[in-house]
Amino acid sequence: MNKYRSHNCGELTIKDKNKNISLSGWINKKRDHGNLLFLDLRDNYGVTQCVIENSHEKFKELEKLSLETVIKIDGKVLERSKDTINKDLNTGEVETSIISYEVLGKTKELPLPVFSDQEYAEEIRLKYRFLDLRRKKIHQNIILRSKVIAFIRSEMQKLGFLEFQTPILTSSSPEGARDFLVPSRLNPGKFYALPQAPQQFKQLIMVSGFDKYFQIAPCFRDEDARADRSPGEFYQLDLEMSFVEQEDVFEVVEKLMKSVFKKFSDKKMLYEKFPKITYSDTMFKYGTDKPDLRNPLIINDFTAIFEREDVSFDIFKKLVKKGSIVRGIVTKKTKDKPRSFFDGIDKWAKDEGASGLAYFTIEKESEIKAKGPVGKFFSSDSLKEIMKISNAEVGDSIFLACGKVKDVEKILSNARDKIGNELKLINPDTFAFCWIVDYPMFEEDEKTKKIIFSHNPFSMPQGDVKNLDLSNPLEIKAYQYDIVCNGIELSSGAIRNHIPELMYKLFSVAGYNKKIVDEKFSGMINALSYGAPPHGGIAPGIDRIIMLLAGEKNIREVTMFPMNQNAQDLMMNAPSEISEEQIKELNLLIKKNK
RNA sequence: GGGGGUGUAGCUCAGUUGGUUAGAGCGAUCGCCUGUCACGCGAUAGGUCGAGGGUUCGAGUCCCUUCACUCCCGCCA
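Following numbering that gives the first Met the number 0, the numbering of the first sequence begins with 0 at its first residue and continues without gaps.
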């Protein structure tokens, strides 16, 4: 028998009655009755109630032990009387009568309670992450993460994918996020970059003829954090396939997502076949390229209404004349909502930095009328036209935003979420997946007015590839797609451009000449010149998948050792200063501020 | 880089209009308690009210500066 335990703390049942056993674990909770002490012993597997009476010589010692002390207990399994059974524990039908014990690990006074459902400050949680991770919820989240990843691995292998590792020290690339850089000792003045994703490597794996690749890949981006975005590093299920079209990638990913989400969650899937929405449609209908399809609200365009003679809403009319657009959201059967609901939305929009949302409710007396602060500006006929455009009915309300396309899209996209939540239109017990397809290849940089890659410079443009018309680059669409679930972007992917001449052409549109491309993407462009297969892939974010499955809103709840918002590891004290010697060895000069 | 929120005991939080000695629950320490499972009861210790400056007879509370954490915008193909 093992020196520390014969059983774990989650497995004793009535079948073990009267056995002499040993358990090791943490003291989760004590209930001291003075002459009788209950002591809950906890490990990874569960909790077992242990009991000792004051007639025992060790009673006084055990009474004094702090919570979270690690002890080993030798004892005898006893059946609990019917009225003392704890149904909340797997081990609740029995308890262990303590015969002897041994302290394996003492504890100082705890900086935070382990046995508590209380929320507490992030800072203290991250500093004492090893204590935080003992807590039930996050402990379970991390175990879930392990199981999901193991399951994904086995599914991918079943689907014929091979797992490979790719370099962590690689070269900096000019496109995309800011790189984490690592100075090279052997090559003074030069730097490695940590990969933002193994993008080029996975394409090189295809060129190397491996056909189907995947990796649970660490990715590093030196960008600011968000609740759903770790600073520094995160993980992707990176995958790439040869001789495929877009649909082949969709099929694999859809199959995988369905089996993962069905296995690890009881929530319903709204769509068995994930709908495909074009980029331009989603921007129009939802104002975003990551729509939450659980939310039934849809955006409509009402710009033409404000060119009518019988509409006198002059503020909007003037703006429309100058090129602004008007779009809006219809809410069903909201005529009896209190004024505070409407004003609340309007005020919220103003807080978001928009000029607010105009609103009115459609009612019918002798004829169709609009009620609300701006209702009087609309004629009966114009209202009928509005109802036609948006399928609105009497009793519905409309929220309108006016401005530049991008601003209107943004505020209405957020308004969809806000109103959808307020009216409880979003069923939290569902997953709504969709594909966003037909992304534009290029877009115009708002500030510099330059043409830039809108997503990924390695994507294959749609259309006649041999005679691609580059005169209107903004019109070119790419075989570029995103997968979205409940308004969270899980991943981007693309069919790649495997034709070097075409890549040079596209890069030249974005202002990179052949020399720069050869220099910055040497590994890839060179490889594509030696017989590259058509290929494509995608890279769903592991952390976000786990967030959805665990029902967490913050990525740190599913990350074992996350950094804080300022990209600091409070437990390990990273980043930290380095010695003069190290600096010298790396040929660096540190410029001291102040 | 910008905006919002928070900061009071080890932890979670209360603290009114600026007013005497800054409170509660949990935890810790000590004592009582033989069937609890958030055990119960009693006592004790524990505070640079994030920091600095200002206004005031008087500041946890008002003002200014600053720091930390967090959420958002920018950013993240």
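C-beta: ideal position from N, C-alpha, C; glycine also. Since the model is a prediction, treat every value here as computed from it, not as a measurement.
In its own chain, which residues sit with a C-beta less than 6 Å from the C-beta of residue i, not counting the 5 before and 5 after it?
i, result
"Ala357", "Val373, Leu399"
"Phe200", "Thr165"
"Lys211", "Gly159, Phe160, Met240"
"Met502", "Asn496"
"Leu180", "Phe190, Ala192"
"Gln479", "Tyr438, His454, Ser458, Ala493"
Confirm, please, whether the CB-CB distance from residue j to residue i is below 9 Å.
i, j, result
"Glu232", "Phe249", "no"
"Pro187", "Asn455", "no"
"Gln564", "Ala224", "yes"
"Phe58", "Cys49", "no"
"Val206", "Gly535", "no"
"Arg555", "Leu125", "yes"
"Ser528", "Ile494", "no"
"Thr83", "Thr47", "no"
"Ile26", "Arg4", "no"
"Pro182", "Tyr191", "yes"
"Val436", "Tyr278", "yes"
"Ile98", "Ser23", "no"
"Asn294", "Gly419", "yes"
"Asn553", "Ala226", "yes"
"Phe441", "Ile475", "yes"
"Arg134", "Val113", "yes"
Count the other CB atoms, across all protein chains shown, that sit within 10 Å of the CB of residue i; report buried if there are 16 or more and exposed otherwise.
i, result
"Pro337", "exposed"
"Pro427", "exposed"
"Arg30", "exposed"
"Ser389", "buried"
"Thr333", "buried"
"Thr281", "buried"
"Ile425", "buried"
"Met155", "buried"
"Ser365", "exposed"
"Asp116", "exposed"
"Glu78", "exposed"
"Pro173", "exposed"
Spatial neighbours of residue i within its chain, please: CB distance less than 7 Å, with the 5 preceding and 5 following residues excluded, ordered by chain position.
i, result
"Val557", "Asn140, Arg144, Asp542, Ile545, Met546, Ala549, Glu551"
"Phe163", "Ile204, Tyr212, Gln214"
"Lys409", "Gly286"
"Phe376", "Val310, Ser311, Phe312"
"Arg128", "Phe560, Met570"
"Lys383", "Ile367"
"Ala348", "Gly355, Leu356, Ile410, Ala414"
Could you check the C-alpha separation between residue i and residue j for me, to the nearest Å?
i, j, result
"Thr330", "Leu296", "7 Å"
"Ile328", "Asp288", "17 Å"
"Ile450", "Leu168", "31 Å"
"Ala509", "Asp265", "46 Å"
"Phe213", "Asp468", "34 Å"
"Trp434", "Ala538", "14 Å"
"Asn85", "Gly91", "4 Å"
"Arg326", "Ala303", "10 Å"
"Phe305", "Val404", "16 Å"
"Ala369", "Glu392", "12 Å"
"Ser412", "Ile151", "32 Å"
"Asp291", "Met570", "36 Å"
"Leu11", "Pro110", "32 Å"
"Asp15", "Leu269", "45 Å"
"Cys401", "Ser378", "19 Å"
"Phe603", "Ile314", "Absent from the model: residue 603. The displayed extent of the chain is 0 to 593, so no value can be given."
"Asp350", "Ser470", "41 Å"
"Glu576", "Ser170", "24 Å"
Less than 8 Å between C-beta atoms, sequence neighbours within five positions excluded: which residues of the same chain meet that for residue i?
i, result
"Ala573", "Met562, Gln567"
"Ile589", "Ile582"
"Glu597", "There is no way to answer for residue 597, as the model of the chain reaches only from 0 to 593."
"Glu271", "Lys257"
"Arg177", "Arg220, Asp221, Glu222"
(message) At 4 residues or longer, what runs of the alpha helix (DSSP H) sit wholly inside the region 296-368?
(response) 313-320, 338-350
(message) My parser needs the alpha helix (DSSP H) runs of 4 or more residues fully inside the region 35-86; what are they?
(response) 58-63
(message) Please give me, in chain order, every unbroken run of the beta strand (DSSP E) with length at least 3 that falls completely inside the region 383-427.
(response) 396-402
(message) Suppose only complete runs of 3+ residues qualify. What are the beta strand (DSSP E) ranges in the region 11-35, listed by chain order?
(response) 19-31
(message) I'd like the ranges of any beta strand (DSSP E) spanning at least 3 consecutive residues and lying wholly in the region 143-212.
(response) 180-182, 190-192
(request) Enumerate, from N- to C-terminal direction, the unbroken beta strand (DSSP E) stretches of 3 or more residues contained entirely within the region 527-558. (result) 534-537
(message) Just to confirm the assignment: which complete alpha helix (DSSP H) runs, minimum length 4, are found wholly within the region 437-525?
(response) 499-508, 513-519
(request) Kindly provide the ranges of any alpha helix (DSSP H) runs that are 4 or more residues long and lie completely inside the region 96-133, ordered along the chain. (result) 121-126, 128-131
(request) Please list the segments of the beta strand (DSSP E) lying wholly inside the region 256-300, counting only runs of 3 or more residues, in order along the chain. (result) 275-277, 298-300
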